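Asks:
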């Protein structure tokens with residue numbers, strides 16, 4: 056006699072049995088999660104504007120151009136002296152730190168939403184970029200990296 060195995064549960068059935076929901080994250084849900092994250096980061100602060108020690112990951116756009124690649128990285132509030140660019144094989148790494156230089160001595164933080172700490176962004180390309188000519192420009196909080204391969 057052949058045993059009948061139970062059919063695998065569909066995702067929604069499994070979620071109902073476990074008590075979790077399977078609704079897709081809406082834009083407002085994502086915003087709420089970001090807001091809660093900022094709130095708990097604020098609660099964790101000691102009352103002084105210090106680097107959190109947490110790594111943050113800046114947003115980046117990558118464009119394929121006729122002569123190589125253009126990478127645009129959003130680094131508002133970061134000093135050009137605090138940015139490093141590394142190339143290894145097919146990977147481009149942008150690292151550094153954003154420091155809070157505006158809190159006066161004796162002042163106290165009332166709201167802290169901006170992350171002040173180290174950052175890193177690692178981007179992979181379809182082929183090696185080690186021999187690419189690297190040029191960069193940092194202006195108005197945007198780092199533009201040109202990788203000329205042609």
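In my numbering, the protein residues as written are 56 to 205. Glycine included, each C-beta is placed from N, C-alpha and C at the ideal position. Computed from a prediction, not measured in an experiment: that's the story for all the values here.
Let's see if you can read the secondary structure: which residues bound the beta strand (DSSP E) around residue 152?
Replies: 146-152 is the span of the beta strand (DSSP E), which, as asked, contains residue 152.
Asks: Would you list the one or two residues that DSSP bridges to residue 193?
Replies: 198
Asks: Among all the DSSP beta bridges, which residues are the ones paired with residue 123?
Replies: 120 and 203
Asks: Enumerate in chain order the residues of its own chain whose CB-to-CB distance from residue 147 is below 6 Å, with the five nearest sequence positions on each side excluded.
Replies: 178
Asks: Return the Cβ separation of residue 172 and residue 109 in integer angstroms, given the expectation that the two are a contact with Cβ distance under 8 Å.
Replies: 5 Å
Asks: Use the C-beta contact count for residue 200: other C-beta atoms within 10 angstroms, 16 or more gives buried, fewer gives exposed.
Replies: Buried, by the Cβ-count rule.
Asks: Would you mind reading off the limits of the beta strand (DSSP E) that contains residue 176?
Replies: 173-179
Asks: Is residue 86 helix, strand or coil by DSSP?
Replies: Under the three-state reduction of DSSP, residue 86 is assigned to helix.
Asks: Anyone know if the C-beta pair for residue 115 and residue 128 falls short of 8 Å?
Replies: yes
Asks: Ends of the beta strand (DSSP E) at residue 138?
Replies: 138-143
Asks: Which residues in the same chain as residue 138 place their Cβ atom closer than 8 Å to its Cβ, once the five residues preceding and following it in sequence are excluded?
Replies: 130, 149, 150, 151, 193 and 198
Asks: Do residue 112 and residue 174 have their beta-carbon atoms positioned less than 8 Å apart in this structure?
Replies: yes
Asks: Residue 195: which of 125, 123 and 135 sits nearest, CA to CA?
Replies: 135
Asks: In whole angstroms, give me the CA-to-CA distance for residue 204 and residue 117.
Replies: 15 Å
Asks: Could you tell me whether the Cβ atoms of residue 142 and residue 189 are closer together than 8 Å?
Replies: yes
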